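J.:
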Amino acid sequence: MFKDKDTFKRALTRQLVDKLGRPLEEVSEADVYKVLSGMIREQIGRDWAQTNTVYKEQKEKQVYYFSMEFLIGRLLGNNLLNLGVLETVRDGLKELGFPFGEVEEQESDAGLGNGGLGRLAACFMDSLASLQYAGHGTGIRYKYGLFEQKIMDGNQVELPDYWLQKGNEWEIRRPDKQVEVRFWGNVVTREVQGRLIFETIQYESVRGVPYDVPIIGFGNPHINTLRLWSAESMMDPFRQPSGQDGSYYRYLDYNRSVESISEFLYPDDSHYEGKLLRLKQQYFLCSAGVQSVLRTFGKLNLPLTELPEKVAIQINDTHPTLVIPELMRLLIDDNGFGWDEAWEITNKVVGYTNHTILSEALEKWPQQMVKELLPRIYMIIEEIDRRFRIQLNERYPDQPDRVSRMAIIEHNQIRMAHLAIHGGHSINGVAALHTEILKKREMKDFYELYPERFNNKTNGITHRRWLMYANPDLAALVTECMGSRWIKHPQELNGLIKCCKDAAFQNEVAKVKKQNKERLAAYILEKQGITVDPNSLFDIQVKRLHAYKRQLLNVFHIIHLYNQLKENPNMDIVPRTFIFGAKAAPSYYLAKRIIKLINTVAARINGDKAVRDVLKVIFLENYSVSLAQKIIPAADVSEQISTASKEASGTGNMKFMMNGALTVGTMDGANVEMHEMLGDENMFIFGLSAEQVQNFYQYGGYSAWDMYNSDSRIHEVMDQLIAPGPVCSQENEFRDIYQSILDHNDEYFVLKDFSSYIEAHLNIDLAYRNQSDWHQKAILNIAHSGKFSSDCTIREYASEIWKISPVKRRQI
Ligand code: 26V
1207 MFKDKDTFKR
1217 ALTRQLVDKL
1227 GRPLEEVSEA
1237 DVYKVLSGMI
1247 REQIGRDWAQ
1257 TNTVYKEQKE
1267 KQVYYFSMEF
1277 LIGRLLGNNL
1287 LNLGVLETVR
1297 DGLKELGFPF
1307 GEVEEQESDA
1317 GLGNGGLGRL
1327 AACFMDSLAS
1337 LQYAGHGTGI
1347 RYKYGLFEQK
1357 IMDGNQVELP
1367 DYWLQKGNEW
1377 EIRRPDKQVE
1387 VRFWGNVVTR
1397 EVQGRLIFET
1407 IQYESVRGVP
1417 YDVPIIGFGN
1427 PHINTLRLWS
1437 AESMMDPFRQ
1447 PSGQDGSYYR
1457 YLDYNRSVES
1467 ISEFLYPDDS
1477 HYEGKLLRLK
1487 QQYFLCSAGV
1497 QSVLRTFGKL
1507 NLPLTELPEK
1517 VAIQINDTHP
1527 TLVIPELMRL
1537 LIDDNGFGWD
1547 EAWEITNKVV
1557 GYTNHTILSE
1567 ALEKWPQQMV
1577 KELLPRIYMI
1587 IEEIDRRFRI
1597 QLNERYPDQP
1607 DRVSRMAIIE
1617 HNQIRMAHLA
1627 IHGGHSINGV
1637 AALHTEILKK
1647 REMKDFYELY
1657 PERFNNKTNG
1667 ITHRRWLMYA
1677 NPDLAALVTE
1687 CMGSRWIKHP
1697 QELNGLIKCC
1707 KDAAFQNEVA
1717 KVKKQNKERL
1727 AAYILEKQGI
1737 TVDPNSLFDI
1747 QVKRLHAYKR
1757 QLLNVFHIIH
1767 LYNQLKENPN
1777 MDIVPRTFIF
1787 GAKAAPSYYL
1797 AKRIIKLINT
1807 VAARINGDKA
1817 VRDVLKVIFL
1827 ENYSVSLAQK
1837 IIPAADVSEQ
1847 ISTASKEASG
1857 TGNMKFMMNG
1867 ALTVGTMDGA
1877 NVEMHEMLGD
1887 ENMFIFGLSA
1897 EQVQNFYQYG
1907 GYSAWDMYNS
1917 DSRIHEVMDQ
1927 LIAPGPVCSQ
1937 ENEFRDIYQS
1947 ILDHNDEYFV
1957 LKDFSSYIEA
1967 HLNIDLAYRN
1977 QSDWHQKAIL
1987 NIAHSGKFSS
1997 DCTIREYASE
2007 IWKISPVKRR
2017 QI
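Quick note on our numbering: the sequence shown kicks off at 1207 and runs consecutively.
1) Output needed for residue 1398: all residues of its chain with C-beta closer than 6 angstroms, excluding positions within five of it in sequence on either side, in chain order.
2) Hey, quick one: how far does the beta strand (DSSP E) through residue 1258 stretch, first residue to last?
3) Rounded to whole angstroms, what's the CA-CA distance from residue 1217 to residue 1673? Just pull it up for me.
4) Given that a residue counts as buried once 16 or more other Cβ atoms are within 10 Å of its Cβ, and exposed if not, what is residue 1921?
5) Terminal residues of the continuous beta strand (DSSP E) containing residue 1397?
6) In this structure, how does DSSP classify residue 1415 when only helix, strand and coil are distinguished?
7) Could you work out which residue in 1277, 1993, 1498, 1356 is closest to residue 1701 when comparing CA atoms only?
8) Using the three-state DSSP reduction, which class does residue 1205 fall into: helix, strand or coil?
9) Determine, using beta carbons only, whether residue 2023 and residue 1323 come nearer to each other than 8 angstroms.
10) Do residue 1719 and residue 1866 come within 8 angstroms of each other at the CB atom, strictly closer than that value?
11) Pairing CB atoms from the stretch 1310 to 1323 with CB atoms from the stretch 1818 to 1832, are three or more of them under 8 angstroms?
12) Alpha helix (DSSP H) containing residue 1762: first to last residue?
13) Determine the direct distance from the alpha carbon of residue 1518 to that of residue 2011, and round the result to whole angstroms.
14) Kindly indicate which residue of 1514, 1372, 1271 has the alpha-carbon position closest to the one of residue 1349.
15) Looking only at C-alpha atoms, which of 1884, 1844, 1642, 1655 sits nearest to residue 1611?
16) Using CA atoms only, rank isn't needed, just tell me which of 1907, 1306, 1959 is closest to residue 1891.
17) For a minimum of 3 consecutive residues, which ranges assigned as the beta strand (DSSP E) are wholly contained in the stretch 1859 to 1931?
18) Note down, one range per segment and in chain order, each alpha helix (DSSP H) of at least 4 residues found wholly within the stretch 1302 to 1372.
19) Count the other CB atoms, across all protein chains shown, that sit within 10 Å of the CB of residue 1511; report buried if there are 16 or more and exposed otherwise.
20) Please check the pair residue 1827 and residue 1357, which I expect to be a contact at CB under 8 angstroms, by giving their CB distance rounded to whole angstroms.
21) With hydrogens ignored, establish whether the beta-carbon of residue 2021 is closer than 7 angstroms to any heavy atom of the ligand 26V.
22) What whole-angstrom Cβ distance do residue 1623 and residue 1591 have, given they're in contact under 8 angstroms?
23) Work out the CA separation of residue 1516 and residue 1619 for me, nearest whole Å.
24) Here's the rule: buried if 16 or more other CB atoms are within 10 angstroms of the residue's CB, otherwise exposed. What is residue 1489?
25) What residues are listed by DSSP as bridge partners for residue 1436?
26) Helix, strand or coil for residue 1807, going by three-state DSSP, please let me know.
27) Shorter than 7 angstroms, the distance from the beta carbon of residue 1625 to the closest heavy atom of the ligand 26V, or not?
28) Can you tell me whether residue 1636 sits near the ligand 26V, meaning its C-beta is under 7 angstroms from at least one heavy atom of the ligand?
29) Using 7 angstroms as the cut-off, classify the Cβ of residue 1855 as near or not near the heavy atoms of the ligand 26V, replying yes or no.
30) Is residue 1271 near the ligand 26V, going by C-beta to nearest heavy atom under 7 angstroms?
31) Of all the alpha helix (DSSP H) runs that stay within the bounds of the stretch 1666 to 1730, which reach a length of 4 or more residues?
32) Between the C-alpha atoms of residue 1483 and residue 1386, what's the straight-line distance to the nearest angstrom?
33) From residue 1661 to residue 1635, what does the alpha carbon distance come to, in whole angstroms?
34) Let me know the secondary structure DSSP gives residue 1738 once reduced to three states.
35) Count the other C-beta atoms from every protein chain shown that fall within 10 angstroms of the C-beta of residue 2019, then say buried if there are 16 or more, exposed otherwise.
36) In the DSSP assignment, find the unbroken alpha helix (DSSP H) run with residue 1462 in it and report its ends.
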């Protein structure tokens, strides 16, 4: 692309002058960002078009990853990395007087996701293209991404994230590929030549316009497409009547309601709410997406019976489950298929990934709402349910309870997970433990009915963004140690095992970690005016705020440490900096109170001169992909402390591991698989097992009050939530949190795990004192992290679920 630095500098300078008509001295970072991204866009255009031509000519099977969320973050740096010109551009820009960091900051984060589920979709996009699979994303182009978080007086305040304000350099609007999506109306049924015909009348139309984002493969000319749909009004505003009959106002209402469909991302994760707008969004995604898939398939001139050989659709959680009835509708109503044939095709095309076992997150749509908004889709779901019940009654003739447990429509609700399992050919969990829980507990009935459909696909992260890009010095060190094969074959990171005892290598790793910590410390100083010591142990918990993730356990431990220090100011501890980053769903009261608690504790501790050399607590505002890239490389300790059985997988855990942090964690999600490789020596495991947690839920036997009464450390910390002192400035300040634990019997076993968590932290303290041993452990963490590259995950999806291979270009 750019042969060398000087070629790049010349090309950029020429473009800057040509495009802006200004001398270089008058050019801003924002100008450079814009012109540079434009240059890249131009360069990749041909490869993008050619990738699509190859797909078409070779009739490659295409995978479509349907997701309500794609948390992609910024693209400039990642694109340059994948194009192999990051270093050239960085050096060239520097010589032109534009530090890359500042140019990069001009881009807004595409925050089109809440957390793990959305970021996973983004990592998968990167792996699909880098491994040369024909795999694309289908999502929504929200005008507003996840809210921007401000902390005011310790509380979270949400501001709209208008990420498109400055334009988006990475998208191309494709009005030529628009589709129509229909809502509301009535279905009329007619019989024509012995066949029933279903026609929806008096519906409301919405125009779906796709915006395509190129997904550039690493080191290859393969460019896939992330297609994000935007909802627009169908009518031409200038042709609307403006008379007194009210139609103009109806038009304005319609317009507003249409545009609201792709207006904002729902900021709730893990909590289902039966909101009509959310249902509209889901159907909009599914209908636009499936229509577009069929249109592309149509260009192959093959019969639709061959759809399963040429198309796979993976649905990211149940949010896009309506692809099942929508595909049925298009096959039956628009293409004349009979039910059975349409069902077989649909079944073979769709696969479903489950991301949560929290029952409150399982989607169940009110029957009536679906019936009104999507009358034809509702009829199809009803028919699916009717036939499924017959099948179940035949198989379990004397078990009506089981039949109602498994039915798709029950208690006036449509259970999306049941529809997804029954309507697709594959259901997978996202870590070994999670899949086992699905099979043995949550989806037991379905596992008994369809055992062959259940499979595990442990999550992964792209090592390109999370190691090579976020931590270039560490990546360079790895390459120096063992060459660069690991970049294409991340599992070969385990070649580092042999260097883990090498003192010189340990020192180099330590040096890089120190620099990353210094950079983060500088950021903290700039943002918050607080000085943190890069020699202290950086202990970090960044993730969505949720009770099951137990940020509370972390804060309780900090309060406990503080109590000990107050009692014994000379206590010998390794100086620590605790860092948090977390957004709470705006309606999640307790989560927001926990943010307030963290900030209150932080203010107290940071303001106490007596402990300032050994203890600091930082809450970083507005945690996002870009911030994660700054934070994670600087971590010594990674907090992965969810109540066992609750975290489906976790992916932050993998990012920290790959960056040489040691994990303190429970035997939950993918932590279990990390532990399998690392052993007790290289990880700090504590707390109840998933099985113990289950037993408590099932048989009882746990009392939070007993914990409170029997452990003085717990007693002290809990009391501090309600009595003026080091935590509260006034009485009862955090009584809500106190009650959530004691009066609701500590649903997530914070108190139960407290003691073993303290012990794990004592072990961390001890281990950190031996720096050589510590770095050895850090290196082993990096060495074993290759298994968690999303490349491995995607290869498994490709061969076991989608049945596709990397695309080889035939010579034309
Ligand atoms: C859930 C819901 C449920 C109700 C409707 C609205 C809504 C919106 C978003 C979500 C996402 C929650 C599910 C989620 O993010 N799960 C996370 O998925 C990660 C990737 O598989 C996994 O690593 C995390 O453990 C899991 O919590």
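The beta-carbon is built from N, C-alpha and C at its ideal position, and this holds for glycine as well.
For clarity, every value in this text was computed on a predicted model and none was experimentally measured.
T.: The structure says:
1) none
2) Looking at the DSSP string, residue 1258 is not in any beta strand (DSSP E); the run it does join, the alpha helix (DSSP H), is 1235 to 1263.
3) 29 angstroms
4) exposed
5) 1392 to 1398
6) DSSP places residue 1415 in strand when its eight states are reduced to three.
7) 1993
8) With the chain covering only 1207 through 2018, there is no way to say anything about residue 1205.
9) Residue numbering for the chain in the displayed model covers 1207 to 2018; residue 2023 lies beyond these limits and cannot be assessed.
10) yes
11) yes
12) Residues 1757 to 1773.
13) 13 angstroms
14) 1372
15) 1655
16) 1959
17) 1868 to 1871
18) 1306 to 1310, 1322 to 1336
19) exposed
20) 5 angstroms
21) Any answer about residue 2021 is impossible in this case: the structure gives the chain only from 1207 up to 2018.
22) Not a contact, Cβ separation roughly 14 angstroms.
23) Rounded to the nearest angstrom, the two C-alpha atoms are 34 angstroms apart.
24) buried
25) Residue 1436 pairs with 1415.
26) helix
27) No, the beta carbon of residue 1625 sits no closer than 7 angstroms to any heavy atom of the ligand 26V.
28) yes
29) At least one heavy atom of the ligand 26V is nearer than 7 angstroms to the Cβ of residue 1855, so yes.
30) no
31) Correct list: 1678 to 1688, 1691 to 1694.
32) So the alpha carbons of these two residues sit roughly 18 angstroms apart.
33) Cα-Cα distance, rounded: 7 angstroms.
34) coil
35) Because the chain in this structure spans residues 1207 to 2018, residue 2019 falls outside the shown range and cannot be described.
36) Residue range 1453 to 1465 is occupied by the alpha helix (DSSP H) that includes residue 1462.
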